[in-house]
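Here the structure comes first, spelled out in structure tokens, and everything after it is commentary.
In my numbering, the protein residues as written are 191 to 594.
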């Protein structure tokens with residue numbers, strides 16, 4: 191059955207809408223990440239305490255997400271995939287408004303911890319997309335949806351810099367809240383959820399057990415989960431502190447420098463994500479995953495050694511392009527491998543490694559921060575090689591056969 195989300199719109203329309211939704215979400219979160227140091231200063235946090243608060247806000251914000259993450263996909267299969275997606279955008283609007291109104295770092299931390307209630311939508315979007323997209327177009331559809339998040343990273347920081355100059359950080363957050371509310375309306379109106387294949391046992395815990403069993407029983411999926419988790423720990427080891435390093439290397443206006451660098455990086459990843467959706471079927475998942483894992487390691491090493499802003503930015507851009515391939519490959523393999531009746535439940539867990547990385551990575555980065563830039567990026571570089579473990583432990587044909 192491939193008409194689930196296509197009752198009122200074709201697969202291209204659904205893919206573009208999902209891409210726009212993830213774009214707004216990514217833009218909002220990346221604006222907050224880019225300007226968290228400035229936001230904390232507006233909350234009167236002393237300069238010496240800013241790195242510690244960055245680690246706390248970045249890490250503890252994912253704690254609630256971990257226990258809730260496994261349930262969003264199974265709840266989507268049990269009740270409604272559309273409802274789970276709309277829920278995310280609606281609650282996100284409330285949370286960003288709360289951040290805009292926070293007066294202390296503790297209030298900001300409390301609202302950040304609520305992000306566990308807005309996560310879990312990406313995997314469900316992919317499940318709906320897979321149900322309405324022809325198999326031969328699935329990699330392209332995943333690439334389009336996957337382009338939304340890096341597109342948000344492209345638009346977010348530079349737009350955030352403009353908003354900060356015009357209406358300060360709080361005005362930027364209110365703008366993000368309004369966009370999230372708009373996406374809530376569009377998702378409600380445009381997406382039409384038809385019947386989708388459901389497992390025989392629709393009890394939530396049974397669905398969760400079935401999803402876990404499906405992941406464990408498929409070696410490619412299980413190993414991609416583990417490898418992605420390690421890579422995400424590496425990503426989050428350095429990501430929250432990138433604005434700090436940009437500010438140190440920038441000769442003048444640090445707000446604009448952060449916005450320009452992170453927007454260029456996000457734009458590169460957005461374009462690469464869509465292009466990888468076309469390239470991967472031609473070159474093969476193994477070839478792309480091998481090359482981009484090594485490329486990411488090299489790029490992060492260069493970033494760790496760089497003390498010149500243009501070189502630092504180029505290294506971040508190269509890493510983003512490689513990361514887009516790694517994520518697109520992992521998602522397309524998983525989407526094509528799992529059984530249709532458990533697709534929502536399994537893909538609902540697809541970003542669980544991301545949440546694990548979000549909890550562990552910032553804490554590692556916070557400890558390594560005192561040791562210097564090379565230590566932070568060196569850890570990320572080593573962990574970026576983890577997808578190669580999938581290739582070392584699986585035959586080339588076995589990986590490609592899963593997506594044939």
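Just so it is clear, CB atoms sit at the ideal spot from N, CA and C, and this is done for glycine as well. For clarity, every value in this text was computed on a predicted model and none was experimentally measured.
Practice problem: Can you have a look at residue 293 and say buried or exposed, based on whether 16 or more other CB atoms are within 10 angstroms of its CB? | Solution: Label assigned to residue 293: exposed.
Self-check item: Ordered list of alpha helix (DSSP H) runs contained in the segment 431-487, each at least 4 residues
Solution: List check, alpha helix (DSSP H) in window: 432-439 and 444-473.
Self-check item: Distance, residue 561 Cα to residue 376 Cα
Solution: Distance between the alpha carbons of residue 376 and residue 561 is about 47 Å.
Quiz item: In the structure shown, what three-state DSSP assignment does residue 382 receive?
Solution: In this structure, DSSP gives residue 382 an extended state, which the three-state scheme calls strand.
Quiz item: Can you tell which of 554, 469 and 455 has the C-alpha that lies nearest to the C-alpha of residue 499?
Solution: Considering only alpha carbons, the answer is 455.
Self-check item: Given residue 309 as reference, the closest of 261, 523 and 527 once Cα atoms are compared
Solution: Closest by C-alpha distance to residue 309, out of 261, 523 and 527, is 261.
Quiz item: Going by Cα to Cα distance, which pick from 566, 337 and 545 is closest to residue 256?
Solution: Of the candidates 566, 337 and 545, 545 places its Cα closest to the Cα of residue 256.
Self-check item: Span separating the alpha-carbon of residue 435 from that of residue 359
Solution: Between residue 435 and residue 359, the C-alpha separation is close to 20 Å.
Quiz prompt | Closest residue to residue 578 among 551, 485, 480 and 566 (Cα-Cα distance) | solution = Closest option to residue 578, judged by alpha-carbon separation, among 551, 485, 480 and 566: 480.
Practice problem: For residue 267, count neighbouring C-beta atoms within 10 Å of its own C-beta (all shown protein chains included) and say buried if the count is 16 or more, exposed if not. | Solution: The residue is buried, with at least 16 neighbouring Cβ atoms inside 10 Å.
Quiz item: Does the beta-carbon of residue 422 have 16 or more other beta-carbons within 10 angstroms, so that it is buried, or is it exposed?
Solution: Per the 10 Å Cβ criterion, buried.
Quiz item: When burial is assigned at 16 or more other CB atoms within 10 Å of the CB, is residue 413 buried or exposed?
Solution: Looking at its Cβ environment, which holds 16 or more other Cβ atoms inside 10 Å, residue 413 is buried.
Quiz prompt | Reduced DSSP category for residue 201 - H, G, I as helix; E, B as strand; rest coil | solution = Correct three-state label for residue 201: helix.
Practice problem: Run through the segment 206-264 for me and flag every whole alpha helix (DSSP H) of 4 or more residues, listed as ranges in chain order. | Solution: Here the runs fully enclosed are 226-232 and 240-250.
Quiz item: Anyone know if the C-beta pair for residue 549 and residue 219 falls short of 8 Å?
Solution: No, they are not a contact pair.
Exercise. Determine contact between the segment 362-378 and the segment 276-295, defined as no fewer than three beta-carbon pairs at a distance below 8 Å.
Key: Touching, yes, given that three or more Cβ pairs across the two stretches are closer than 8 Å.
Quiz item: Nearest to residue 450 by CA position, among 224, 552 and 295, is which residue?
Solution: Closest by alpha carbon: 224.
Exercise. Assuming residue 543 and residue 419 form a contact by the criterion Cβ under 8 Å, report the distance between their Cβ atoms to the nearest whole angstrom.
Key: In this structure residue 543 is in contact with residue 419, their Cβ atoms being roughly 3 Å apart against a cut-off of 8 Å.
Exercise. Use the C-beta contact count for residue 356: other C-beta atoms within 10 angstroms, 16 or more gives buried, fewer gives exposed.
Key: Exposed: under 16 other Cβ atoms inside 10 Å.
Exercise. Using the Cα positions of residue 214 and residue 497, report the straight-line distance between them to the nearest angstrom.
Key: Approximately 32 Å between the Cα atoms of the pair.
Quiz prompt | Selected residue, minimal CA-CA separation from residue 222, among 465, 271, 298 and 265 | solution = The option with the nearest alpha carbon to residue 222 is 298.
Self-check item: Selected residue, minimal CA-CA separation from residue 265, among 343, 483, 559 and 311
Solution: Nearest of 343, 483, 559 and 311 to residue 265, Cα basis: 311.
Practice problem: Report the residue from 508, 322, 346 and 247 whose alpha carbon sits nearest the alpha carbon of residue 210. | Solution: Out of 508, 322, 346 and 247, the CA that lies nearest to the CA of residue 210 is found in 346.
Quiz item: Under three-state DSSP, which class holds residue 274?
Solution: Helix.
Quiz prompt | residue 225 beta carbon near the ligand GTP (any heavy atom closer than 7 Å) | solution = You won't find the ligand GTP in this model; it holds no ligand whatsoever.
Quiz item: For residue 552, which of helix, strand or coil comes out of DSSP?
Solution: The DSSP-derived three-state label of residue 552 is helix.
Exercise. For the segment 403-410 and the segment 563-571, state whether three or more C-beta atom pairs, one from each stretch, are separated by less than 8 Å.
Key: Segments in contact, no.
Practice problem: Kindly confirm or deny that the segment 425-443 and the segment 313-329 touch, where touching means at least three C-beta pairs closer than 8 Å. | Solution: Flag = no, the segment 425-443 and the segment 313-329 do not touch.
Quiz item: What's the call for residue 466, buried or exposed, on a 16-neighbour Cβ count within 10 Å?
Solution: With 16 or more other Cβ atoms within 10 Å, it is buried.
Quiz item: Can you check whether the CB of residue 303 is closer than 8 Å to the CB of residue 250?
Solution: Yes, these two residues count as a Cβ contact at 8 Å.
Quiz item: If you draw a straight line from the alpha carbon of residue 478 to that of residue 516, how long is it in whole angstroms?
Solution: The alpha-carbon atoms of residue 478 and residue 516 are separated by roughly 8 Å.
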